[in-house]
Amino acid sequence: MKSPGTHLKTLRDTAPLVQNITNFVAMNVVANAQLAVGASPAMVHAIEEAAEFAGLAGGLTVNIGTADAGWESSMVAAAQAASAADKPWVLDPVAVGATGFRNRLAARLLALNPTVLRGNASEILALSGEVASGKGVDSGDPVSAAEDAARYLAQRTGGVVAVSGAVDFVTDGDRAVRIEGGDPLMGRVTAMGCALTGVVGAFLVGQKPFEATVAAHACFGLAGAIAAARAGGPGSFGPALLDTLHAMTPEQLDAEAGIAAV
Amino acid sequence: MKSPGTHLKTLRDTAPLVQNITNFVAMNVVANAQLAVGASPAMVHAIEEAAEFAGLAGGLTVNIGTADAGWESSMVAAAQAASAADKPWVLDPVAVGATGFRNRLAARLLALNPTVLRGNASEILALSGEVASGKGVDSGDPVSAAEDAARYLAQRTGGVVAVSGAVDFVTDGDRAVRIEGGDPLMGRVTAMGCALTGVVGAFLVGQKPFEATVAAHACFGLAGAIAAARAGGPGSFGPALLDTLHAMTPEQLDAEAGIAAV
Amino acid sequence: MKSPGTHLKTLRDTAPLVQNITNFVAMNVVANAQLAVGASPAMVHAIEEAAEFAGLAGGLTVNIGTADAGWESSMVAAAQAASAADKPWVLDPVAVGATGFRNRLAARLLALNPTVLRGNASEILALSGEVASGKGVDSGDPVSAAEDAARYLAQRTGGVVAVSGAVDFVTDGDRAVRIEGGDPLMGRVTAMGCALTGVVGAFLVGQKPFEATVAAHACFGLAGAIAAARAGGPGSFGPALLDTLHAMTPEQLDAEAGIAAV
């Protein structure tokens, strides 16, 4: 199993083109996070071109944060095109559980078997059909409560499932790791989960899904912890996070990543 | 009448879920401003779920900055659902007076009697049917010129009307206060009025509308003044404002708020 | 020929209202860049009002970054209204060459003869019908490779064409200049080309197109170089760029602009 730093080095060396269909709140943040780690982001969601572009890009992320019926068509078309071209794609089921539309959309996308499913504990519990206590986009459940649901979903989709929180959990249904990092301040900054989804999409291109997802979480979590220690609050945290992601070296990531097999 | 600091403490203690239908320029800023003061924002505007979500959230903000006919349907449905569920909602009639579409949309939403109407002087004048001299989204009129219009609109809607500018004015048609704060630098930063609308929406949940609106303006104005003194320009002002809102204590707000009864 | 500083002074003195139909990633950045240089931005793209507003505004920018068929109608209507009212408008053909939809849309807008066409080298090559090697929104070609294509497009449209990169190139088909400035760090920050397009739109109002476009590139490039020297990475670069644009004086711009006639 290659180290997180080796994954980061490959990402920097290949600078993959990543297509993102994400929400309006997060678009700028996701693009800047992908640029900071070394990828080339493209926000392409129009139904007129989303599937065509998925054939050009190295990978895709789909985030339902502000989706509607029109965006649903683009998401489905792009995800199908990515799968057909053997490109990895990530699903971020933002606030699933909150409304009927969101539940139907997330279920439809999950049935397309994303390479990686990434969410908070309440979202993963809701997707697995269990009772969750999320409030809007925020999780009301600890990561530990969603570990079984994550394993179940990984086995059902054949993909990787990542649960983000105080300690992240990543599983492919067989293997599983926990990853320390981040900072409570990140809960006071919008689109942090969306940015992590974007970073996962960048690490995935041309790399093994489970290992790449672990590396992405380790990189983002370490950068978050460093940036929080330097920031004066949630406003200065955002710029500090991007500076830290950009300055992160493979050696630093390997030395400081908090990964533990379960 | 409870103090502004008491309102801030209640907001922090309850961390209300606030739904926002706002414009594309402001979405990220509004979400981060609400998080910084202690609320849990959710940007939910799709017609497929906007009204359903309004029943779940503690309050709603509606901002017409980049609306079109599709968004109009969502705004009306969400505002009606909020009213039906006795949830407070705020209307921000961005750039009303500039185009026919904007005038019709703002009038339609105003007829739904928002709990709070918040705008700059030109917008409040335009909504009241008087001659205004706004330029796009920027006010061309001083707050003092819109005080009578604000009283008139408050009496007509039965709600609170707030006019933002160098000195803010808040009235419920009977009582009125002026609030000092802010900084001219905020006129060189986009979406500051939208962010204030979001902060008003956060303070409103579970609190009395007139007092909560005054507290929100005092909090935002004080944070703006402090942040402007620390910032090196309009770019560093944005992060400084969020840091300051996050660090504001109820005691500081009570000690430094510039509120004067009219 | 008036100096860049003289153009900046005129912009600050007149504070023109500029309408922008730009992409979701860039809206906040474009608005803040225009505010920082002294303009009054308005993001107005709804088909219900885009053309009406173009008659009110002093100028218009059209950026196809996240366009779809609905936005295409607004872009065409606003560009036609701007032209009919003798208002200058800028076209930014983001990622043209990537998809068939994007190629058709850019060609249709180009046929409306924008006052200024601004893009990276791959975009200008693609628009001129030559082979380009762009990757998503990023250029794969040096500016020098697109100078002939820029001259050709300027002659065909009767407007100004600007190619942005390590050294910018601006031509009206007859005259041409190269402009030094910027920093490689800007390639790691999203929406920098879009922000430059917004700054060009601000300089254009009431000023001669070729000279104003040169002045805008000189101003943005100088600010970018100064901000990059002060920033700790791509995250802190954003706020530093806006602070620097806001603090730029006409005298500083005239003293330090790196403009050379070709």
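Chains as they are written, first to last, in the working numbering: chain A, 1 to 262; chain B, 1 to 262; chain C, 1 to 262.
Backbone N, C-alpha and C fix where the C-beta goes; we use that ideal spot for every residue, glycine too.
It should be emphasised that the depicted structure is a prediction, and the values quoted were computed from it without experimental measurement.
CB contact check: B/Asp-68 to chain C, cutoff 8 Å: yes
Relative to chain B, which residues along the stretch 188 to 216 of chain C have a C-beta separation below 9 Å, given in chain order? none
Are C/Gly-268 and C/Val-189 close, meaning C-beta to C-beta below 8 Å? Residue 268 of chain C lies beyond the range of chain C shown here (1 to 262); nothing can be said about it.
Determine, using beta carbons only, whether C/Asp-172 comes closer than 8 Å to chain F. The structure shown has no chain F; the protein chains it does contain are A, B and C.
Which residues, in order along the stretch 43 to 64 of chain A, keep a beta-carbon less than 9 Å from a beta-carbon of chain B? none
Check whether the stretch 126 to 146 of chain A touches the stretch 77 to 85 of chain A, taking contact to mean three or more Cβ pairs, one atom from each stretch, closer than 8 Å. no
Beta-carbon proximity list for A/Gly-224, same chain, < 7 Å, skipping 5 on both sides: Gly-181, Gly-182, Asp-183, Met-186, Leu-241
Spatially closest choice to B/Leu-91 from B/Gln-252, B/Ala-146, B/Glu-72, by CA coordinates: B/Glu-72
Counting C-beta neighbours from all protein chains within 10 Å, is the total for A/Ala-261 16 or more, i.e. buried, or is it exposed? exposed
Between the Cα of C/Asp-243 and the Cα atoms of C/Ala-218, C/Asn-28, C/Val-37, C/Ser-3, which residue gives the shortest distance? C/Val-37
Integer Cβ distance of C/Pro-250 from C/Thr-6, believed to fall under 8 Å: 7 Å
With a threshold of 8 Å, are at least 3 pairs of Cβ atoms found where one atom belongs to the stretch 25 to 32 of chain A and the other to the stretch 36 to 51 of chain C? no
8 Å is my cut-off, CB to CB: does C/Ala-82 come that close to chain B? no
Using a beta-carbon distance cut-off of less than 8 Å, what residues from the stretch 90 to 108 of chain A approach chain B? Ala-95, Ala-98, Thr-99, Gly-100, Phe-101, Arg-102
Can you tell me where the alpha helix (DSSP H) holding C/Arg-230 begins and where it ends? 209 to 230
Whose Cβ in chain A lies nearer than 7 Å to the Cβ of C/Asn-28? Asn-28
Entirely within the stretch 141 to 192 of chain C and at least 4 residues each: give me those alpha helix (DSSP H) ranges in chain order. 147 to 157
Can you look up A/Leu-125 in the DSSP assignment and give me helix, strand or coil? helix
Spatially closest choice to B/Ala-282 from B/Ala-39, B/Phe-169, B/Phe-220, B/Thr-99, by CA coordinates: Here chain B covers residues 1 to 262 and nothing more, so residue 282 of chain B does not appear.
Taking Cβ-Cβ distances shorter than 9 Å, what residues in chain A pair up with B/Asp-243? Ala-231, Gly-232, Gly-233, Pro-234, Gly-235, Ser-236, Phe-237
Under a Cβ-count criterion, where at least 16 other Cβ atoms within 10 Å of its own Cβ denotes burial, should B/Ser-133 be classed as buried or exposed? exposed
By how many angstroms is the C-alpha of C/Ala-67 removed from the C-alpha of A/Ala-39? 22 Å
7 Å CB neighbourhood of A/Ala-121 in its chain, flanking five on each side removed: Ser-139, Asp-141, Pro-142, Val-143, Ala-145, Ala-146, Val-163, Gly-165
Using CA atoms only, rank isn't needed, just tell me which of B/Val-137, B/Val-30, B/Phe-53, B/Pro-93 is closest to B/Ser-74. B/Phe-53
Quick one: is B/Phe-220 near chain A, going by C-beta distance under 8 Å? no
To which residues does DSSP link B/Asp-92 through a beta bridge? B/Asn-63
Looking at chain B, is there any beta carbon in it that lies within less than 8 Å of the beta carbon of C/Ser-73? no
Kindly indicate the opening and closing residues of the alpha helix (DSSP H) around B/Ala-42. Not the alpha helix (DSSP H): B/Ala-42 falls in the beta strand (DSSP E), residues 40 to 43.
At a CB-CB cut-off below 9 Å, which residues of chain B make contact with A/Gly-136? Leu-17, Val-18, Gln-19, Ser-40, Pro-41, Ala-42, Val-44, Phe-53, Leu-56, Ala-57
What does C/Asn-113 reach in chain B if we use C-beta pairs closer than 7 Å? Result: empty, since nearest Cβ-Cβ is about 25 Å, beyond 7 Å.
Neighbour flag for B/Ala-150 against chain A, beta carbons, 8 Å: no
Straight-line Cα distance separating B/Arg-12 from B/Thr-115: 21 Å
Distance cutoff 8 Å, beta carbons only. Does B/Val-25 sit that close to anything in chain C? yes
With DSSP as the reference, identify every bridge partner of A/Lys-135, one or two as the case may be. A/Asp-138
Return helix, strand or coil for C/Ala-79, following the three-state DSSP convention. helix
Contact list for A/Leu-35 against chain C, beta-carbon separation under 7 Å: Arg-188, Val-189, Thr-190, Pro-234
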